[in-house]
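A.B. asks:
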Amino acid sequence: MKGKVGKLLTIIVPIILAVFLLYPTWRAQQMAAERQSLDSAAQVQWDQVNGEDFRKEKLRALKLGLDLRGGMYVTLEVDVVRLLEEAADRASVDETFQRVIEETHRQAEQSDEEVLDIFLRNFDRLARPQGKSLVTYYELVDVRDISEERIIERLKRDINEAVDQALEVIRQRIDKFGVTEPTIQKQGTRRILLELPGVQDEREMRQLLQTTARLEFKLLRHGNDVLYAFLNIDRYLAGKSTRDTTIAGLDTTRTDTTTARASDTAAKPDPYAGLSDEEKIAKFRREHPFLSLFAGQVLIGERYQPFDIAEEVIPKLPADAEFSFVTTEDGKRQLQSLLARPDIRRMLPADAEIAFSAKPERGSDNTPNRTYGMYVLKRDPELTGDVVTDAYATFDQMTNRPMVLMYMSSDGAERWAKITGANIGKRIAIVLDGEVYSAPVVRSKITGGSSQIEGMANVEEAKLLQIVLKAGALKAPVKIIEERVVGPSLGEDSIRSGISASLIAFALVVLFMVTYYSLGGVVAVIAMLINVMLNLGILSGFGGTLSLPGIAGIILTLAIAVDANIIIFERIREELHRGRSLRASIDEGFRHALPPIIDSHVTTFLTGLILFVLGYGPIQGFATTLMIGILTTLFTSILVSRAIIEVWLARSPNARISFGEVLPAPQS
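All residue numbers for the sequence shown refer to the working numbering, where the first residue is 229 and numbers rise by one.
#1: Under a Cβ-count criterion, where at least 16 other Cβ atoms within 10 Å of its own Cβ denotes burial, should I652 be classed as buried or exposed?
#2: Grouping DSSP H, G and I as helix and E and B as strand, with all else coil, what is V616?
#3: Would you identify the three-state DSSP class for V407, choosing helix, strand or coil?
#4: As an exercise, report each continuous beta strand (DSSP E) stretch of at least 3 residues that is fully enclosed by the segment 602-690, in chain order.
#5: In its own chain, which residues sit with a C-beta less than 8 Å from the C-beta of A246, not counting the 5 before and 5 after it?
#6: Considering Cα atoms alone, identify which of L810, L774, L311, I885 is closest to L296.
#7: Can you check which of these residues, L576, I509, P517, is closest to G451 by C-alpha distance?
#8: Under a Cβ-count criterion, where at least 16 other Cβ atoms within 10 Å of its own Cβ denotes burial, should N686 be classed as buried or exposed?
#9: With a threshold of 8 Å, are at least 3 pairs of Cβ atoms found where one atom belongs to the segment 623-643 and the other to the segment 676-695?
#10: How many angstroms separate the CA atom of E330 from the CA atom of N597?
#11: Thinking just about the alpha-carbon of each residue, which of T627, R574, E506 is nearest to the one in F458?
#12: Which same chain residues end up closer than 7 Å to V713 when comparing Cβ atoms and leaving out the 5 residues on each side of it in sequence?
#13: Does DSSP classify T485 as helix, strand or coil?
#14: Candidates K698, V830, F512, L290: which alpha carbon is nearest L443's?
#15: Just how far apart, CA to CA, sit F512 and A466?
#16: When DSSP labels each residue in this structure, what does D492 get in the three-state scheme?
#17: Which two residues bound the contiguous alpha helix (DSSP H) that contains Q438?
#18: Using the DSSP secondary-structure output, state which residues sit across from V751 in a beta bridge.
#19: Please state if the CB of I856 and the CB of L767 are separated by a distance shorter than 8 Å.
#20: Would you check if the distance between the CB atom of K235 and the CB atom of V875 is smaller than 8 Å?
#21: With the cut-off set at 8 Å, would you say I858 and G888 are in Cβ contact?
#22: For I723, collect the residues of the same chain with a Cβ closer than 7 Å to its Cβ; drop the 5 residues on either side in sequence, then sort them by chain order.
#23: Here's the rule I'm using: 16 or more other beta-carbon atoms within 10 Å means buried, otherwise exposed. How should G748 be labelled?
#24: Reducing DSSP to helix, strand and coil, say where T555 ends up.
#25: Tell me whether Y600 sits in a helix, a strand or coil according to DSSP, three-state version.
#26: Only counting the same chain, and skipping five residues up and downstream in sequence, which positions put a Cβ closer than 6 Å to that of K587?
#27: Would you please state the rounded distance, in angstroms, between the beta carbons of A667 and I656? I believe it to be under 8 Å.
#28: Cβ of T411 within 8 Å of Cβ of D661?
#29: From L877 to I885, what does the alpha carbon distance come to, in whole angstroms?
#30: Quick check on the DSSP output: the beta strand (DSSP E) that includes V713 runs from which residue to which?
#31: With DSSP as the reference, label D352 as helix, strand or coil.
#32: For A289, which residues of its own chain have a beta-carbon under 8 Å away from its beta-carbon, when the five flanking residues on both sides are left out?
#33: What separation, rounded to the nearest whole angstrom, lies between the Cα atoms of E209 and P881?
#34: If you scan the segment 275-358 from start to end, which runs of the beta strand (DSSP E) of 3 or more residues do you find wholly inside it?
#35: Along the chain, where does the alpha helix (DSSP H) that runs through I374 open and close?
#36: Have a look at the DSSP bridge pairing and note the partners of L447.
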């Protein structure tokens, strides 16, 4: 009697366990359907009553992958090459180093090799023959004895920290954005794999993920040396060796030039005489490939006045004059391309950098000829976004435009007060990821540690900026290298297809087993059902996610489970052919079939384990259900099947069970 109870428990307990683990999934689906059937007002009331219970059930329920519920797959790559470039001392960067960076970038895009290894190999090939070493380009401020080994060690540490920090920052951004049940994991040494269920606006998500959020507060740089640098760049690009004193700004047809230029050019022949307006513009752009891309204004008194960047004009301007520049949308693209060149950057003052406004200038944003501000900034920031502790998207009470209000730490507030107090009357640019959002004039000392960023097109953009500022800046930029979007309707189709495939596979297996093995086949089918229930229950209990590859793993598990039963049943049939009794054949069949079953299951489990460790996303989903299925198959095929057979035979002394053979009468 005790043995029979034990056999019954072997059958019943797994069923109860599977039902217990799968109940939250069923309950969550019922509650979701109930909520969906209500109108919006009733849903609010329903949420007040059942919201907390619904949330708990969803947390315990079996989660569906993106291919089943819809969403966005994204693979991000941390720009390690950019990190290596920015880590170098700017004053030491030359064309040789830039060639190393460019070659590293090209090779890294085509290889999964460690970026630092690619960089060092290119450095040895391109820079060392010219007498360069890593010490030439990299400084270690906190290390007394600098060596190449220490530089490489520091670069390795910086790269690892940048990738780990990117993983954490992106996790915080996604959590703050409100994505439920995201999957975020590191892939290799520089990639991050994301699965974002339910994402509908891909554009917003791309912006959220790829924004570096490097916030800096920089003073505008004054001084005529920048204008001379512009002149030199223009001559360099035009291939001129002689001085030209007729350089104009963006608008080549304007007449309100300075008195100095008018007097100096009065005695000169007009180089544009006899040309049409189109020909004048074409000639000017051809002769002045840099200065023709933007126009300048100089602050005289309280007003900005246009001026021409000409060699005879610059000396007549105030020594510490404040300038303002503007360019077109196409001009901005061309200038950014030119200023990215090392040979052009070296012609600018070492402490200066050029940045552009993130959005079109007010008044031009809704016109075909949109213009953008061009700013000359001090290279080193006065303050960075590290001091920002909180941010809120709101509206400017004066203009009713969206903005982001920032609050700083106590240390940041103290430094901000000192900076603003020392620069009253000057402009401080608020720069995010290299683009200027605003450059207000400091009217008074700002205490309390607050500031604001303007220039957002809408409140959604302001909210995105709020999220990235709260989550913090990335140490290195990230870029999307792979992206897939699965719509909800496609997810429903996938569910139907997966269920259909599973049912067809199950029906074929049942048909074969019952036809070929008779009552023994029914035993195998019952064990197989318990197997599937346990597989899904364990997956749900451990917080796993069911995906299409996971369903494929379950279907494969059905085949493996049937295979185990076939090995057992065939061994039983062999023993019956040898003339053994039914009970003796069953005992021998299970005993002799056990070693090959364990061997095959262990090897399959190890294969699944390798797939789980080395694979990502869908591959891991397949490996997870496969490994769980291997374990449940061992349990159900050996223990549950045997228990069902024993319970069946224990009904009476004359009880029989067929394995597809015509059996002799039972022996007494």
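Every residue, glycine too, gets a C-beta built ideally from N, C-alpha and C. Nothing here was measured: the structure is a model prediction, and the numbers come from that model.
C.D. replies: To lay it out plainly:
#1: Locating residue 652 in the sequence shown gives position 424, counting from the first residue. Flag for I652 reads exposed.
#2: As a working note, residue 616 is residue 388 in the sequence shown. The answer is strand: DSSP assigns V616 an E or B state.
#3: Locating residue 407 in the sequence shown gives position 179, where the first residue counts as 1. Coil, per DSSP.
#4: Within the segment 602-690, the complete beta strand (DSSP E) runs of at least 3 residues are 616-623, 630-636, 656-660, 663-666, 678-681.
#5: Looking up residue 246 in the sequence shown gives position 18. Within the same chain, I758, M761, L762, L764, G765 come within 8 Å of A246 by CB-CB distance, once the 5 residues on both sides are set aside.
#6: Start at 1 with the first residue of the sequence shown, and residue 296 comes out as number 68. The shortest C-alpha to C-alpha distance from L296 to any of L810, L774, L311, I885 is the one to L774.
#7: Here residue 451 refers to the residue found at position 223 of the sequence shown. Comparing alpha-carbon positions, the option among L576, I509, P517 lying closest to G451 turns out to be L576.
#8: As a working note, residue 686 is residue 458 in the sequence shown. Taking all protein chains in view, the Cβ of N686 is surrounded by fewer than 16 other Cβ atoms within 10 Å, so the residue is classified as exposed.
#9: With the cut-off at 8 Å, the segment 623-643 and the segment 676-695 touch.
#10: Position 102 of the sequence shown, counted from the start, is the residue given in the question as residue 330. Position 369 of the sequence shown, counted from the start, is the residue given in the question as residue 597. One Cα belongs to E330, the other to N597, and the distance between them is close to 34 Å.
#11: Looking up residue 458 in the sequence shown gives position 230. Taking only the C-alpha atoms, the option nearest F458 is R574.
#12: Indexing the sequence shown from 1 puts residue 713 at position 485. Here the set comprises M300, E430.
#13: Taking the first residue of the sequence shown as position 1, residue 485 is located at position 257. For T485, the pLDDT reaches just 38, beneath the cut-off of 50, and the residue's location in the model is therefore unreliable, although a value from the coordinates is still provided. T485: coil per DSSP, three-state reduction.
#14: Your numbering for residue 443 matches position 215 in the sequence shown. It is K698 whose Cα lies nearest to the Cα of L443.
#15: The residue labelled residue 512 in the question sits at position 284 within the sequence shown. The residue labelled residue 466 in the question sits at position 238 within the sequence shown. Distance between the alpha carbons of F512 and A466 is about 11 Å.
#16: Locating residue 492 in the sequence shown gives position 264, where the first residue counts as 1. Confidence in D492 is poor, its pLDDT being 46 and thus under 50, which makes the residue's placement too unreliable to answer from.
#17: Residue mapping note: residue 438 aligns to position 210 of the sequence shown, counting from 1. Bounds of the alpha helix (DSSP H) holding Q438 are 430-438.
#18: Translated into the one-based positions of the sequence shown, residue 751 becomes position 523. Bridge partners of V751: none, in fact.
#19: In the sequence shown, residue 767 corresponds to position 539, counting from 1. In the sequence shown, residue 856 corresponds to position 628, counting from 1. For the pair L767 and I856, the CB atoms are nearer than the 8 Å cut-off.
#20: Working through the sequence shown from its first residue, we reach residue 235 at position 7. Working through the sequence shown from its first residue, we reach residue 875 at position 647. The answer is yes: Cβ separation under 8 Å.
#21: Taking the first residue of the sequence shown as 1, we reach residue 858 at position 630. Taking the first residue of the sequence shown as 1, we reach residue 888 at position 660. No, the Cβ-Cβ distance between I858 and G888 is not below 8 Å.
#22: Residue 723 sits at position 495 when you count from the first residue of the sequence shown. Here the set comprises L296.
#23: Taking the sequence shown and counting its residues from 1, one reaches residue 748 at position 520. The residue in question, G748, is buried, as its Cβ has 16 or more Cβ neighbours within 10 Å.
#24: Within the sequence shown, numbered from 1, the residue matching residue 555 stands at position 327. For T555, the secondary structure class from DSSP, reduced to helix, strand or coil, is strand.
#25: Counted from its first residue, the sequence shown places residue 600 at position 372. Residue state, collapsed to three classes: strand.
#26: What you label residue 587 is simply residue 359 of the sequence shown in a count that begins at 1. So the list reads G683, once near-sequence residues are dropped.
#27: Within the sequence shown, residue 667 is the residue found at index 439, counting from 1. Within the sequence shown, residue 656 is the residue found at index 428, counting from 1. The Cβ separation is near 7 Å, so the contact holds.
#28: Numbered from 1 along the sequence shown, position 183 holds the residue referred to as residue 411. Numbered from 1 along the sequence shown, position 433 holds the residue referred to as residue 661. By the CB criterion at 8 Å, T411 and D661 fall outside the cutoff.
#29: Numbered from its first residue, the sequence shown carries residue 877 at position 649. Numbered from its first residue, the sequence shown carries residue 885 at position 657. Put simply, the backbone Cα of L877 is about 7 Å away from that of I885.
#30: Taking the sequence shown and counting its residues from 1, one reaches residue 713 at position 485. Counting along the chain, V713 sits inside the beta strand (DSSP E) bounded by residues 706-714.
#31: Your numbering for residue 352 matches position 124 in the sequence shown. Helix, per DSSP.
#32: Within the sequence shown, numbered from 1, the residue matching residue 289 stands at position 61. Same-chain partners within the cutoff: P252, T253, R255, A256, Q257, S768.
#33: Residue 209 is absent from the model: the chain starts at 229 and stops at 896.
#34: Listed in chain order, the complete beta strand (DSSP E) runs (minimum 3 residues) inside the segment 275-358 are 299-306.
#35: For this step, residue 374 is matched to residue 146 along the sequence shown. Counting along the chain, no alpha helix (DSSP H) covers I374, and no H or E run does either.
#36: As a first step, residue 447 must be located in the sequence shown, where it is residue number 219. Partner(s): I656.
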